[in-house]
Amino acid sequence: MPWNAPNLNVLAAELLIEELVRSGVDCFCIAPGSRSAPLALAVARRAANKAHVHFDERGAAFFALGHARATGRPAVVITTSGTAVANLLPAVVEASMDGVPLLLLTADRPPELRAAGANQTIDQPGIFGRYIRWQFDLPCPDEKIPLATLLTTADQAVFRAQHPHPGPVHLNCMFREPLGPQPAAFPRRALLAPLASWVKTARPFTRYAVPRTSVGPAEAATLAKLFKNARSGLLVVGRLPGGQPDRALRALIRALGWPVFADVQSGLRGADIPEAITHADLLLLAPVLRERCRPDVVLHIGGGLVSRRVTDFLKESEPKDYVLVHPGPARLDPAHQVSLRVMADSETFCTALAKRLPRRAAHTSLALWRRADAVAAAVLDRHMAQAGKLGAPAIARWLATALPAGHALLLGNSMPIRNMNMFAPTVAPHRVVANRGASGIDGLIATAAGFATGASQPVTALLGDLALLHDLNSLALLAAGKQPVVLLVINNDGGGIFSFLPVAQSGAAFERFFGTPHGLTFAAAAQQFGLAYAAPATMPDLQAAYRVACAGKRPALLEVRTDRRLQHTEHMELQRELEFALARMLRSRRNG
């Protein structure tokens, strides 16, 4: 494409966008604005097939977050100046906390208009604080500034968004007028001359050698000895990049022979790994089991865990050694018990260790965990079969096995992900997506839309009603997407998770200040945004509606209305049934 931009602003923006594309960026999320017009025009001219336009900056940022989760590559968000920039903060926090590469291009006023009372002008540099991996305040395009500055800045931004620890990067882009395509003379040929060789290629101006983390031979030998000598080892697997286990991890699991507590985000649930204890969260309801099976060595691979009971169990067990493996540098140790922190990706670590650990017989505690796991599965299946009403536990257990091939599963925060973690018998081989960096309920619909686009696959999203209300205008992103997203919304008229917290005992104030009933249903919202809609009231109705929604290959909203109080009651009944069944199993084992 010839570099025939009508003015220097547009040319500078085109160079920036072109270099981002050459560096592997394939997603540009644009919220319309005037000051950002040069950037938007540049995307329209050089990357229109990679563009996604949304009227809400917060939704656009979460769309980019979802896309980056799916691809592992930075996605770009482009906004105008002012509060438009501030609306990016929730997605920036999530990306920073969970190591998702994100690139923010925020347009800004020129220096002479800053701190001078100019309209729509705020202090944008540094606005995201410590949640940014790198930031740069790009000056207004000027004939005296070499255009190569833009290219090297773009290359550095893409690199820093991915290495050494993925996360958000902020380029604040100042522009003077003209902001549109108005012709304005400038020395085009002289400015482009130093870039002659770059123009003739499709390569980035500056290429970065990707750093590789590794586990040294001495460290691997020390760890192998530690694991061989463990009296009662436990492998805990949290969220893995990509949401799926690699072959090296499977090999290490076989070599260790330890029980595996597999978080719902790990991709290990139902992955033909007999060591995986599916219902660990619920099994820890049994005091005797917690006491008998305390590990002396814990190996934790991946991110954090959904289950509070599992983290409490790890803390009360006081293991002699706690090894945490994660590719980022963050501490990730809220209980302050990690004795060795290994900064490496799962595949590198597991490959280094598995070859030093000859396959051993399963640990004695594994048989007990597996027997208890089978008891829990039987109790849950019996309870679900006898349940008279359609409840959240039954929906989670059914959905885990009903996902069509090729669907990813996005889990909303608060109760949806907890229910899936507790009650799902399997979710493999499906990719499981969740915004667990900061665990907010904002931006989940936009995240699902972005993930579906980035992964080029349909997505089923299990959400609560407040999460849907929080991101309602992102239904427009579903309607515009090429990959269908099925929203399965459990509408219990408020915040169900608070019924499980001590604040539920606060008396008359509870319902107004925490339950927050809204009395809304979502049929009209689905109609407004052109989504298919159904409101099943029974499990057979839900199963049929879900099959129709998935076969329809268009976005759909399925709304299941439940009672918050009954949800809490059902959880308590299930826990009592499980505790009784586990106690009986342990008594029979002791007597036998």
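102 is the number of the first residue of the sequence shown in my numbering; add one for each residue after it.
Beta carbons are placed, not taken as given, at the ideal position from N, Cα and C, and that holds for glycine.
Since the model is a prediction, treat every value here as computed from it, not as a measurement.
Bridge-paired residues (DSSP) for residue i
{"i": "residue 156", "result": "Per DSSP, none; premise fails for residue 156."}
{"i": "residue 309", "result": "Residue 309 pairs with nothing; no bridge assigned."}
{"i": "residue 660", "result": "590"}
{"i": "residue 378", "result": "362"}
{"i": "residue 401", "result": "337, 425"}
{"i": "residue 179", "result": "131, 206"}
{"i": "residue 633", "result": "657"}
Within 8 angstroms, strictly: CB atoms of residue i and residue j
{"i": "residue 234", "j": "residue 269", "result": "yes"}
{"i": "residue 248", "j": "residue 113", "result": "yes"}
{"i": "residue 664", "j": "residue 593", "result": "yes"}
{"i": "residue 513", "j": "residue 553", "result": "no"}
{"i": "residue 191", "j": "residue 543", "result": "yes"}
{"i": "residue 564", "j": "residue 590", "result": "yes"}
{"i": "residue 239", "j": "residue 306", "result": "no"}
{"i": "residue 207", "j": "residue 215", "result": "no"}
{"i": "residue 365", "j": "residue 525", "result": "yes"}
{"i": "residue 346", "j": "residue 315", "result": "no"}
{"i": "residue 167", "j": "residue 549", "result": "yes"}
{"i": "residue 185", "j": "residue 213", "result": "no"}
{"i": "residue 528", "j": "residue 506", "result": "no"}
{"i": "residue 336", "j": "residue 359", "result": "yes"}
{"i": "residue 155", "j": "residue 570", "result": "no"}
{"i": "residue 111", "j": "residue 133", "result": "no"}
{"i": "residue 382", "j": "residue 408", "result": "yes"}
{"i": "residue 357", "j": "residue 447", "result": "no"}
{"i": "residue 468", "j": "residue 684", "result": "no"}
Outcome for residue i when other beta-carbon atoms lying within 10 angstroms are tallied against a minimum of 16
{"i": "residue 172", "result": "buried"}
{"i": "residue 80", "result": "Not covered by the structure: residue 80. The range shown for the chain is 102 to 693."}
{"i": "residue 602", "result": "exposed"}
{"i": "residue 521", "result": "buried"}
{"i": "residue 256", "result": "buried"}
{"i": "residue 363", "result": "buried"}
{"i": "residue 392", "result": "exposed"}
{"i": "residue 673", "result": "exposed"}
{"i": "residue 498", "result": "buried"}
{"i": "residue 163", "result": "buried"}
{"i": "residue 584", "result": "buried"}
{"i": "residue 283", "result": "exposed"}
{"i": "residue 487", "result": "exposed"}
Which of helix, strand or coil DSSP assigns to residue i
{"i": "residue 217", "result": "coil"}
{"i": "residue 653", "result": "helix"}
{"i": "residue 208", "result": "strand"}
{"i": "residue 621", "result": "coil"}
{"i": "residue 595", "result": "coil"}
{"i": "residue 406", "result": "coil"}
{"i": "residue 638", "result": "coil"}
{"i": "residue 193", "result": "helix"}
{"i": "residue 605", "result": "helix"}
{"i": "residue 679", "result": "helix"}
{"i": "residue 371", "result": "coil"}
{"i": "residue 562", "result": "strand"}
{"i": "residue 331", "result": "coil"}
{"i": "residue 164", "result": "helix"}
{"i": "residue 139", "result": "helix"}
{"i": "residue 319", "result": "helix"}
{"i": "residue 614", "result": "helix"}
{"i": "residue 120", "result": "helix"}
{"i": "residue 299", "result": "helix"}
{"i": "residue 199", "result": "helix"}
{"i": "residue 326", "result": "helix"}
Residue i Cβ short of 7 angstroms to the ligand ZN heavy atom set
{"i": "residue 431", "result": "Annotation note on the ligand ZN: not contained in the displayed structure, which lists no ligands."}
Counting only runs that start and end within the segment 220-277, where is the beta strand (DSSP E) found for 3 or more residues in a row? 235-239, 269-275, all fully within the segment 220-277.
Let me know the alpha helix (DSSP H) ranges lying completely inside the segment 437-512, each 4 residues or longer, listed in chain order. 447-455, 465-487, 493-503
Quick one: which unbroken alpha helix (DSSP H) runs of 4-plus residues sit fully inside the segment 510-554? Chain order, please. 516-524
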